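Report on the following structure.
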Amino acid sequence: MPELLEKAYDASAHEKKLYKEWEASGFFNPDDLPDQGGEPYCIIMPPPNANAPLHAGHALFLTIQDILIRFARMRGKRALWLPGTDHAGFETQVVFEKKLEKQGRSRFKMEREEFYKEIWDFVQENKHVSEEGMRRMGASCDWSRNVFTLDPRIVRIVYETFKKMHEDGLVYRGERIANWCTKHQTSLSDLETKYEEREDPLYYIAYGPFELATVRPETKFGDTAVAVNPKDERYKKFVGTEIEIETVLGRALLKVIADDAVDPEFGTGVVKVTPAHDPADFDIWQRHKDEIPGPRQVIDKCGRMNELAGPYQGLKVAEARTRVVADLEKKGLLVKTDPHYKHNVQLCYKCGTVIEPLIMPQWYVAMTKPLPDGRPSLRDMAVAAVESKTIAILPEWQEKIFMHWMKNLRDWPISRQIWWGIPIPVKYCGCGEIIVDIDDDVTKCPRCTSGELTRDPDTFDTWFSSGQWPYATLQAAGTRDFETFFPTDVMETGYDILFFWVARMIMFSYYRTGKEPFRTVLIQGLVRDKDRQKMSKSKGNVVDPLGVIDTHGTDALRFALVFGSAPGTDIPLSEDKVRGMKHFANKLWNIARFILANTEQKHFALQEPPEPKTDDDRAVLANLAETKERVTGHLDRFELHEAAQAAYHFAWHELADVYIEKSKGQLASDGVSATEHGERTREVLAYALRATIKLLHPFMPFVTEAIYQKLPRKDQPFLMVERW
């Protein structure tokens, strides 16, 4: 008689114990799997930020990727799930600065080395918390290959990429408009900003013979020209002339230019050109450099007016706007005001501070420049890979979004004025020489031999290093790993970082390796609350995955995350749903408990389905075969929600509700024929139990493994390496 199970499944009694046994077995490492002849299969884990415990989004991706890895492992593949954590540059620095603020401290009053050491210690502490959370989620990743984005071997690869790109003319230092956050004192890429529709006054100002409309009259001290559309008949006679304008600081002369970027329908069709404080105006200046003066910056990095603003110097932008408008009105230069003008305002995505466009030197990656070896540009290589289906993006409708963004790509600013991150390995000489020094051993300028070299104070955008993650992690682990597992099989991630990360991984991979980084991109939605609202601390609707695990168990959370959740769509998560999946885990336990109480070791000997003796036998075995085929097909097509539902339906509604209920009478009957049928029923029950826990193991690894360990006959030490 097999060992009986406890009356109810207690997740807390099994999960930590089982995970320790799995980890100790070595089977998370593809080099230690029982079957070394299988084909390689690899997923590189998107590294969670090393600045906080896991959140619901982490729980989702850990669940999805673990399902895929366990499925591959059970099919005999040499499955590698390579874990890691991300230093997360700007995001981590923001989190740490909030901690400093609570202590009444500021990084601006700290030495750089002191700040870096404190944030390093903070990250190391949280990194271990994050890794422990992954273990509690049941993540069967190979911890022996665990990587951190600031590991020296990773930093070295990042530096080598930068040096090669510099040699190939694909990175350059240029002065252009940057998205400047005055609170955090750093530039941000377009993707690191957000837009919010606001209602602000639109001011109509007398400008010589014109009226023009602006929401930013405080920037008029930086005006270098007036622009109109070349097709606008109203103003053709003014194009090419200089006009005299009256300002709050006195009279000035500005040239009138014609540019297609001017919208004749906006305001009066006349715009002021302020190239130092507006990216569109900067582009206009670039096209008319021979006609108009260069940019005049009138706002500093702290968001205050500088000396070019005369009496307004030192005022914050909002204060200056109010003062300038009042003075324009006094001088009779304010024609009218539209108080309800709606427009989109660009904000820092972390703190919500209004972005101040400022011209500053930054390092950029040239996204559309052909490579010197004759290959297309970084952008074009990535576009071609997706268009040719070398890389599949699922669900397919996400591909259109990807392609639209890629075809409108601009050069990428990779400099960040923060201290936490990978320093840009560049030194500058007064003679103008720029030296890329990845070994930090250059002490004299190669052009003029001067020893007065200045380090670049900036760090890389964290996505510059993360974009190299697939090949960098495998190369860092050794050439054998790279040769065996690259290109990887699946990159699963959220739609919110499709452009931040996925696009850049594709571009970097083709540039450095000549290969695609992965064959499939699986896009998931965001985890939201039960009402499909975004989770936030201010709303009080944040679901803590570890708290849910404490109450309901890991399997319940995992199954709730994938059950009924189609790829690419947002996932509502409620405690009721998790509680329902806890009931299912207990149902599965009770199924096993009944079967083990009514079978013996000999009944588990069959590797193939037993020959059915009754219609009920035939029905349940046919349904089981069909379910296995459906689950396998759905998992192959990344339809995890469909696979989960098929396995759930069979276990509860076919095996438990129908066959087990009918078998109770069969097992209780007397007589020779009843005994023969009873023996066959026991064989069917044993076979069905073993097959069912295999089907559910990728989704609910703990309860299925706990049941497997109680089976009287096993082919492997763990269910996770049983053949599918």
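Here the sequence shown stands for residues 724 to 1447, numbered as in my numbering. Ideal Cβ positions, reconstructed from N, Cα and C, are used throughout, including at glycine. Remember, predicted model here, so these are calculated numbers, not experimental data.
CB contact flag (residue i, residue j, <8 Å)
i	j	result
serine 910	proline 1148	no
alanine 1409	histidine 1326	yes
methionine 860	tryptophan 804	no
glycine 1217	leucine 1245	no
alanine 1461	histidine 1357	Nothing can be reported for residue 1461, as the shown portion of the chain is limited to 724 through 1447.
isoleucine 790	leucine 1296	no
asparagine 1321	tyrosine 732	no
proline 1268	phenylalanine 1241	no
glycine 1276	lysine 1305	yes
glutamine 1020	alanine 999	yes
methionine 1423	phenylalanine 1286	no
threonine 674	aspartate 809	No statement about residue 674 is possible, as the shown extent of the chain runs from 724 to 1447 and does not include it.
alanine 1089	alanine 1226	no
valine 1213	proline 757	no
alanine 1411	valine 1343	yes
leucine 1031	glutamate 969	no
glutamine 1140	glutamine 1368	no
tyrosine 1151	aspartate 1179	yes
proline 1421	arginine 793	yes
proline 940	aspartate 1001	no
aspartate 1006	alanine 984	yes
lysine 1385	aspartate 1339	yes
For residue i, three-class secondary structure by DSSP
i	result
glutamine 1256	coil
tyrosine 1072	coil
threonine 1350	helix
glycine 897	strand
leucine 1269	helix
methionine 1028	strand
asparagine 1131	coil
histidine 1066	strand
aspartate 1061	strand
threonine 942	helix
tryptophan 745	helix
asparagine 849	helix
phenylalanine 1282	helix
lysine 740	helix
threonine 1355	helix
valine 996	strand
valine 951	strand
alanine 1115	strand
threonine 1207	helix
tryptophan 1224	helix
glutamate 890	helix
Span of the beta strand (DSSP E) around residue i
i	result
glycine 973	973-981
glutamate 920	916-930
threonine 937	933-937
aspartate 1212	1211-1217
serine 910	909-911
tryptophan 1312	Not the beta strand (DSSP E): tryptophan 1312 falls in the alpha helix (DSSP H), residues 1298-1320.
phenylalanine 1241	1241-1247
methionine 1083	1079-1088
First through last residue of the alpha helix (DSSP H) which encompasses residue i
i	result
proline 1193	1192-1199
lysine 821	812-825
threonine 1185	1185-1189
tryptophan 1008	1002-1010
glutamate 1052	1040-1053
arginine 1178	Where arginine 1178 is concerned, there is no enclosing alpha helix (DSSP H), although the beta strand (DSSP E) it sits in stretches over 1176-1178.
Per-residue burial, residue i [other beta carbons within 10 Å of its own, 16 or more giving buried]
i	result
tryptophan 1120	exposed
threonine 1045	exposed
tyrosine 918	exposed
alanine 773	buried
phenylalanine 989	exposed
proline 806	buried
glutamate 814	buried
arginine 868	buried
cysteine 904	buried
threonine 964	exposed
aspartate 755	exposed
glutamate 820	buried
alanine 736	exposed
Interface flag, residue i vs chain C, CB-CB below 8 Å
i	result
isoleucine 842	Going by chain labels, chain C is absent from the structure shown, which holds only one protein chain.
Every unbroken beta strand (DSSP E) inside the segment 1363-1444 [3 residues or more]: With a minimum length of 3 residues, no continuous beta strand (DSSP E) run stays inside the segment 1363-1444.
Runs of alpha helix (DSSP H) wholly within the segment 744-814 (minimum 4 residues, chain order): 779-797
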